[in-house]
Amino acid sequence: MERWQDRVAVVTGASSGIGAAVARQLVSSGVIVVGLARRVDRMEAIKEQLPSELHSRLHAIHCDVGDLDSITAAFDWIEDQLGGCDILVNNAGCLFPGQLLTLEMEHLQKVLNVNLMGVLHCTRRAFRSMQLREVAGHVVLINSLTGRHIIYPPGEELQVLNMYPLTKHGITAMLEVLRQELRGFNTKIKITSISPGVTDTEILPSGYDSLPMLRPDDIAAGIMYALATPPHVQVHELTIKPLGEPF
Numbered sequence: 001m002e003r004w005q006d007r008v009a010v011v012t013g014a015s016s017g018i019g020a021a022v023a024r025q026l027v028s029s030g031v032i033v034v035g036l037a038r039r040v041d042r043m044e045a046i047k048e049q050l051p052s053e054l055h056s057r058l059h060a061i062h063c064d065v066g067d068l069d070s071i072t073a074a075f076d077w078i079e080d081q082l083g084g085c086d087i088l089v090n091n092a093g094c095l096f097p098g099q100l101l102t103l104e105m106e107h108l109q110k111v112l113n114v115n116l117m118g119v120l121h122c123t124r125r126a127f128r129s130m131q132l133r134e135v136a137g138h139v140v141l142i143n144s145l146t147g148r149h150i151i152y153p154p155g156e157e158l159q160v161l162n163m164y165p166l167t168k169h170g171i172t173a174m175l176e177v178l179r180q181e182l183r184g185f186n187t188k189i190k191i192t193s194i195s196p197g198v199t200d201t202e203i204l205p206s207g208y209d210s211l212p213m214l215r216p217d218d219i220a221a222g223i224m225y226a227l228a229t230p231p232h233v234q235v236h237e238l239t240i241k242p243l244g245e246p247f
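In this note's numbering, the protein residues as written are 1 to 247.
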């Protein structure tokens, strides 16, 4: 991680779960981290748990990644105050359990806005920052096993994932489109998709907690591995499953 010392990493959804775990690990590795989330108080609490000498390296900024104006304001602040973005971890995501056929449309639209369009909007701003400064940056997309397969719920329960796997399939396609575009623009920007299995986070639907689970720190460790690879190595996709997962 030596080449990332004192560089700026933006982590979306940094108030809990995987986002909070990767923010802590990045700060502890010498990176300046901007945590983006709606719950700024939760990020401030995470900052207070760090050693006092690291407090100034974690910036908690309000941002709703489902809202383009909110993303614009956050990245404007990053560029004005810190000069730009060198690492982007697209972690923010949401899930409203229910069915595509009956769930309120506003919930389905929210999942699309956050999980897919929010990732694209943040990545476009990060790319602009990296390209203008000719930075060999790194973009991380938090994907899911559902980005490849539709996972059946435990037991005989009704399928509850609705829009979530649709958006994650979109992330899988976005990964390769962006890789080709970054190559076509002659950049040295890497892009990596991380696909966790069942992970103990706030958005996990009920019933799935009966399965073997990963911890957020397990996923953060995978992200740190991808970031620490030499300049000529790009981890394209990394799947992390708990031992004994049935799918």
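Even for Gly, the Cβ is constructed at its ideal location relative to N, Cα and C. This one's a predicted model, so the numbers in the text were calculated from it and none came from an experiment.
Contact between residue 77 and residue 61 holds: CB atoms are separated by about 6 Å, below the 8 Å threshold. Spatial neighbours of residue 96 in its own chain (CB-CB distance under 6 Å, excluding positions within 5 residues in sequence) are listed in chain order as 107. For residue 80, the closest C-alpha among the options 69, 188, 36 and 129 is that of 129. By the neighbour-count definition (other C-beta atoms within 10 Å, threshold 16), residue 92 is a buried residue. Taking 7 Å as the cut-off, the beta carbon of residue 110 is found no closer than this to the beta carbon of residue 170. Within the model, the alpha-carbon separation for residue 237 versus residue 52 is close to 35 Å. For residue 121, the secondary structure class from DSSP, reduced to helix, strand or coil, is helix. Cβ-Cβ distances below 8 Å link residue 244 to 212 in the same chain, with the five nearest sequence neighbours on each side left out; the list follows chain order. In the DSSP secondary-structure assignment, residue 175 is not bridged to any residue. Take the alpha-carbon of residue 136 and the one of residue 198: they are about 32 Å apart. Under DSSP, no beta-bridge partner is assigned to residue 228. Taking the CA atoms as reference points, residue 166 sits about 20 Å from residue 157. Residue range 8–12 is occupied by the beta strand (DSSP E) that includes residue 9.
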